[in-house]
Amino acid sequence: MILRRIIGKEILQAIRNRQVLLFGLVVAALLLAASAVGYVSFDRQRAQMARAQQERRAEWLGQGEKHPHIATHFGTFVFKPKTGLSFFDYGLEAYTGTSVYLEAHFQHEFMFRPAQDHSALIRFGELSGALVLQVLLPLLIIFLCFGAFTQEKESGTLRLALSQGVSRRQLAWGKVLAYYSIVLALLVPTLTVALGGAFWQAGLPWTGDLARRLALLAAGYAGYFFGFVCLGVLVSAWARSSRNALLALLTVWIGFVIILPKTTAALGDNLHPLPAMQAYQQGISRDVDHGLPGDTTKAGRSARLVRATLRQYRADSVQQLPLNVEWVTAQAGEDYLDRVQTLHRDSLRQTLERQNRLSSYASFVDPFLALRNLSMALTGTDLYASLDFQRQAGAYRLGLIRTLHADAAKNSKYGQFFEYHPGQSLWASVPDFSYRLPAVGPALRPYGLEIGALLLWVLGLPLALHLSVHRFPL
Amino acid sequence: MLSLIIRYEWRRFRRNRLQVGLLAVLVLFGLYAIYYGQRQMAGQRAAIAQVQQTEQTEFAGYRAAAVADTAKPSDKDAYEEATQPTYAWHRHGYAATAPPAPLAALVVGQRDLNPGAYRLTGMGLYYQLFQNELANPQKLLVGNFDLAFVLVYLLPLFIIVLSYGLLSAERENGVLPLLHVQAASVRRLLLGKLLFGFALVAGLALGLSVVGFGVAGAGRATGWGVLGLWVLTVLAYCAFWFALVWLIVSFNRNSAVNALTAVGMWLLFLLVVPSVLSAALAVVRPVDSSQLATLVRRAAMDNEDSEPAVRAVIRQYLRQHPGLAPAGDTLFQPNLGAKGYAAHFQLTAQRQKPLVDEYLRAIAARETLAARFSLLNPAVSTQNLLSQLAGTDLPTYLRFFNSLPAFHRQIVGFYFPRLFRNQPITAADLAADLAARPTFQAPLPTGAGVGAGLLQLLGAAALLFALGYWNLPGRLRG
Numbered sequence: 024m025i026l027r028r029i030i031g032k033e034i035l036q037a038i039r040n041r042q043v044l045l046f047g048l049v050v051a052a053l054l055l056a057a058s059a060v061g062y063v064s065f066d067r068q069r070a071q072m073a074r075a076q077q078e079r080r081a082e083w084l085g086q087g088e089k090h091p092h093i094a095t096h097f098g099t100f101v102f103k104p105k106t107g108l109s110f111f112d113y114g115l116e117a118y119t120g121t122s123v124y125l126e127a128h129f130q131h132e133f134m135f136r137p138a139q140d141h142s143a144l145i146r147f148g149e150l151s152g153a154l155v156l157q158v159l160l161p162l163l164i165i166f167l168c169f170g171a172f173t174q175e176k177e178s179g180t181l182r183l184a185l186s187q188g189v190s191r192r193q194l195a196w197g198k199v200l201a202y203y204s205i206v207l208a209l210l211v212p213t214l215t216v217a218l219g220g221a222f223w224q225a226g227l228p229w230t231g232d233l234a235r236r237l238a239l240l241a242a243g244y245a246g247y248f249f250g251f252v253c254l255g256v257l258v259s260a261w262a263r264s265s266r267n268a269l270l271a272l273l274t275v276w277i278g279f280v281i282i283l284p285k286t287t288a289a290l291g292d293n294l295h296p297l298p299a300m301q302a303y304q305q306g307i308s309r310d311v312d313h314g315l316p317g318d319t320t321k322a323g324r325s326a327r328l329v330r331a332t333l334r335q336y337r338a339d340s341v342q343q344l345p346l347n348v349e350w351v352t353a354q355a356g357e358d359y360l361d362r363v364q365t366l367h368r369d370s371l372r373q374t375l376e377r378q379n380r381l382s383s384y385a386s387f388v389d390p391f392l393a394l395r396n397l398s399m400a401l402t403g404t405d406l407y408a409s410l411d412f413q414r415q416a417g418a419y420r421l422g423l424i425r426t427l428h429a430d431a432a433k434n435s436k437y438g439q440f441f442e443y444h445p446g447q448s449l450w451a452s453v454p455d456f457s458y459r460l461p462a463v464g465p466a467l468r469p470y471g472l473e474i475g476a477l478l479l480w481v482l483g484l485p486l487a488l489h490l491s492v493h494r495f496p497l
Numbered sequence: 522m523l524s525l526i527i528r529y530e531w532r533r534f535r536r537n538r539l540q541v542g543l544l545a546v547l548v549l550f551g552l553y554a555i556y557y558g559q560r561q562m563a564g565q566r567a568a569i570a571q572v573q574q575t576e577q578t579e580f581a582g583y584r585a586a587a588v589a590d591t592a593k594p595s596d597k598d599a600y601e602e603a604t605q606p607t608y609a610w611h612r613h614g615y616a617a618t619a620p621p622a623p624l625a626a627l628v629v630g631q632r633d634l635n636p637g638a639y640r641l642t643g644m645g646l647y648y649q650l651f652q653n654e655l656a657n658p659q660k661l662l663v664g665n666f667d668l669a670f671v672l673v674y675l676l677p678l679f680i681i682v683l684s685y686g687l688l689s690a691e692r693e694n695g696v697l698p699l700l701h702v703q704a705a706s707v708r709r710l711l712l713g714k715l716l717f718g719f720a721l722v723a724g725l726a727l728g729l730s731v732v733g734f735g736v737a738g739a740g741r742a743t744g745w746g747v748l749g750l751w752v753l754t755v756l757a758y759c760a761f762w763f764a765l766v767w768l769i770v771s772f773n774r775n776s777a778v779n780a781l782t783a784v785g786m787w788l789l790f791l792l793v794v795p796s797v798l799s800a801a802l803a804v805v806r807p808v809d810s811s812q813l814a815t816l817v818r819r820a821a822m823d824n825e826d827s828e829p830a831v832r833a834v835i836r837q838y839l840r841q842h843p844g845l846a847p848a849g850d851t852l853f854q855p856n857l858g859a860k861g862y863a864a865h866f867q868l869t870a871q872r873q874k875p876l877v878d879e880y881l882r883a884i885a886a887r888e889t890l891a892a893r894f895s896l897l898n899p900a901v902s903t904q905n906l907l908s909q910l911a912g913t914d915l916p917t918y919l920r921f922f923n924s925l926p927a928f929h930r931q932i933v934g935f936y937f938p939r940l941f942r943n944q945p946i947t948a949a950d951l952a953a954d955l956a957a958r959p960t961f962q963a964p965l966p967t968g969a970g971v972g973a974g975l976l977q978l979l980g981a982a983a984l985l986f987a988l989g990y991w992n993l994p995g996r997l998r999g
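Protein chains in written order, with this note's numbering: chain A, 24 to 497; chain B, 522 to 999.
Following this line, the structure appears as structure tokens:
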């Protein structure tokens, strides 16, 4: 009963504060704008990617009759499709690159990072729902909460309330619930309109995986905000003046969203530098030419393969083989390249992980980092989504080449490596590439630290408030 | 009078542990940022040096192979690669590099996104232009902890902390009535305090910049004018923020309102305006690089086995370059295939050019529109000015990018006459210091537009300051 009165009074007071109201309206407007813009960009990019993918497929199918090896060099391209939730959180999309060229002998890296053709403007952030919720909303909460207790201390109403027999704990929880309901009252309708509208417009299929992702996103953000409300009230309870409370909270906010993310990323880079592209590629071609540790050279490997194939078919000469061994060695070369590249990619991935690990650990002191990483994972715009796309593209490349080589090995004669010219039916036997986003479970697997950190934030701050609030100074 | 105010402000500042602590933290951040930038650039310089080293090693090998005994088969292969234009035109690679200027260590800018080195051969041009350096996308998203970050993001916060209570704190501490009875006007007193703050922040910014210049090795070679412009830009940006806080203070509200408003302005200029502008530009002036994907494909000739078809390709190319045709009847044979492919890739690049031009035009259109909002966007403008001075902005990269076709023409101009006239490349051709071999000249940086941007920033600062000056309540003026 008394709690309900406290809540009512706090809500009324907050709404009467014009600055907070104005800021709340700005946040709501930005959320709506972010969703509209996010939807328009999403829709356009989705169409661009789909068109580009279709055109490249048509080129692949319509390349005419040619030598299979030339066809594997003609190759094809795959484009990373936009994930359904990426209009809410762009994540790393501007920085990961959008397409990969798939050809024989070489597994290309991603090309065309969209941020590359931008000036410094893009580095200040792109307006998205995630940006507003992760960065601006905590600030709104701080503006709401910093005076929770200090104002009452300064005006003397706190002593009055306490003398009426209300406990500090009751007051604290009343304020927390009041502010939290204001936040939810602002967000739930705005987000429903903004995201729901964009979602419906985009015509995204409703799947169980999508529902799970949405539910986890909602839970993550809700917990993030709740922690901030508790923090605001806690600081306000212990601060001597509103000015001090505000200063402390703003310092914390700047540390969370500006300083720690930059510092951890910079230190990660200093501690675990990436190799230069040229050195990386030279490493791969060295291992292909000279063999991985314990293996022989390229020439040695192909001679061994020819001997093994002869033994397998009990043939004395390559001419007696039922298949053209030249294509068998060509495929073995591709398989070996794939092995080498997987090793090098893995070591590259490990360096990237080590670089990012620091920000994962830092998420225990910075909930922004925890939520940022989880939000990217849930919207399929994180580093792992991009690596996974790269892996699927690599597997597709190998499959495409294997199909062509197997066909040529069967249908061409030894010594007539250059004479065999298949056509469209062979090209069409390679299915089109379709990217499958991993399910939410695997997508979250690398984020144990972040999940723990966010749970700690959601549980730890209310607990700290509950345990310490009855002792704060008047 | 002024010296008295400043002396007492200094005492007061020294006693405020929070402010002194913040200053110390900023100094530490600044020093780390300088170290960080230096490390980044060392990495980029090493990558560029490796590309150059590769060129030198390869050509040393070619020079040795060109004069070696060709009795052994492997030596013969090396000899042919070095001297036969049929191989050399697509295998001999030349480094085109744009090494970072010393100031780049203070503002990494867009250099972490765009390559600083290319290796070009006589193959199709666009096929070679779109490979990226390896990078951690998460780090690219977060951005660089360089000195420009400390100056553009953190310095305004320190300015806010120093001066949001300029007037309100005096009132809240009960000192204001005392000030009223002084001989000097309260406004003069406040201006003195403001000046003290500006001197302190400017000193910090200049100190960090000078340390940065020293560590990065930016001195005479960079040009004192450029360093002077850097300092002016940093000071103008500080002045802008002091003027803005001054205007907020002039409304004579309480400290909390001032602080909230000032932080709101910081948020507006550092986050809201840039991100909204970014989003709006993405909608209004979209740039689509997905169409460029096919440029990197090495598509073969349609009919490479048919001699008439290959001859037709060569003839088509030679119509544009009649000077390449040799005397006599050796245009097509020997080496029909190599000549056909050389012509084919040049023609392909010509067909691709409109696509690249369209892409570059779309970028230019977007940047032109973005520049119109620079007055509303002081933080981004400052970042752009600093990175222009350091040569780490997008236009500098695009000038580098746009200078590559001319360099590629040099390479083609070296190999194609030898290829089409069936002349081997001699050891003399490969001599290390021969000016006839293609050499890349990186475009020079330009300071165009820096003055205008600087004036805009100073103008905005002056305007805000004047507004605040007149807006102060009347009783504080006299």
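A virtual CB, placed ideally from N, CA and C, is assigned to each residue, including glycine.
As the structure is a computational prediction, the values presented were derived from the model and not from experiment.
Host alpha helix (DSSP H) of residue i (start-end)
i	result
Ser595 of chain B	Pro594 to Thr604
Val50 of chain A	Arg41 to Leu84
Tyr247 of chain A	Gly231 to Trp261
Ser265 of chain A	Ser265 to Ile277
Thr889 of chain B	Leu857 to Arg893
Glu828 of chain B	Glu828 to Gln841
Val794 of chain B	Val794 to Val805
Ser398 of chain A	Pro390 to Leu401
Val766 of chain B	Trp745 to Val770
Val628 of chain B	Premise fails: Val628 of chain B is in no alpha helix (DSSP H) and is neither H nor E.
Tyr990 of chain B	Val971 to Asn992
Residue i vs residue j beta-carbon contact at 8 Å
i	j	result
Phe166 of chain A	Leu788 of chain B	no
Val736 of chain B	Gln559 of chain B	yes
Ala127 of chain A	His96 of chain A	yes
Leu477 of chain A	Leu401 of chain A	no
Gln845 of chain B	Phe928 of chain B	In the sequence as presented, Gln is not what sits at residue 845 of chain B; that position holds Leu. Cβ atoms of Leu845 of chain B and Phe928 of chain B: not closer than 8 Å.
Lys32 of chain A	Met72 of chain A	no
Asn923 of chain B	Arg136 of chain A	no
C-alpha distance - residue i paired with residue j, whole-angstrom precision
i	j	result
Tyr437 of chain A	Ala431 of chain A	10 Å
Trp991 of chain B	Ala981 of chain B	16 Å
Arg392 of chain A	Leu144 of chain A	Correcting the residue type first, residue 392 of chain A is Leu in the shown sequence and not Arg. Answer to the nearest angstrom: the Cα atoms are 22 Å apart.
Ile38 of chain A	Gly255 of chain A	17 Å
Arg380 of chain A	Gly47 of chain A	35 Å
Ala466 of chain A	Ser409 of chain A	11 Å
Trp350 of chain A	Ser308 of chain A	21 Å
Residue i - containing beta strand (DSSP E), residue span
i	result
Ser340 of chain A	Ser340 of chain A -> no beta strand (DSSP E), and no H or E assigned at all.
Glu376 of chain A	Run containing Glu376 of chain A: none in the beta strand (DSSP E); it sits in the alpha helix (DSSP H), Val348 to Ala385.
Phe100 of chain A	Thr99 to Phe102
Ser491 of chain A	Note, Ser491 of chain A: premise wrong, no beta strand (DSSP E); alpha helix (DSSP H) at Gly471 to Ser491.
Proximal chain B residues relative to residue i, where beta-carbon distance stays under 7 Å
i	result
Pro137 of chain A	Ser810
Residues that residue i contacts on chain A, provided the C-beta gap is smaller than 8 Å
i	result
Gly564 of chain B	Pro296 and Ala299
Asp596 of chain B	Per Cβ cutoff of 8 Å: no residues; Asp596 of chain B is ~17 Å from chain A at best.
Leu788 of chain B	Leu159 and Leu162
Contacts of residue i in chain A (Cβ-Cβ under 7 Å)
i	result
Tyr674 of chain B	Ile281
Cross-chain neighbours of residue i in chain B, by beta carbon under 9 Å
i	result
Thr121 of chain A	Ser810, Ser811 and Ala814
Chain A contact residues for residue i, given Cβ-Cβ distances below 9 Å
i	result
Thr960 of chain B	In chain order: nothing, as chain A lies at least about 20 Å away.
Anything in the segment 651-665 of chain B with a Cβ closer than 9 Å to a Cβ of chain A? List those residues in chain order, please. Phe651, Gln652, Asn653, Glu654, Leu655, Ala656, Asn657, Pro658, Gln659, Lys660, Leu661, Leu662, Val663, Gly664 and Asn665
Going along the chain, which residues of the segment 909-941 of chain B sit with their C-beta nearer than 7 Å to a C-beta in chain A? From the segment 909-941 of chain B, only Asp914 and Leu915 have a Cβ closer than 7 Å to chain A.
Within 7 Å of chain A by C-beta, residues of the segment 885-896 of chain B in sequence order: Glu888 and Ala891
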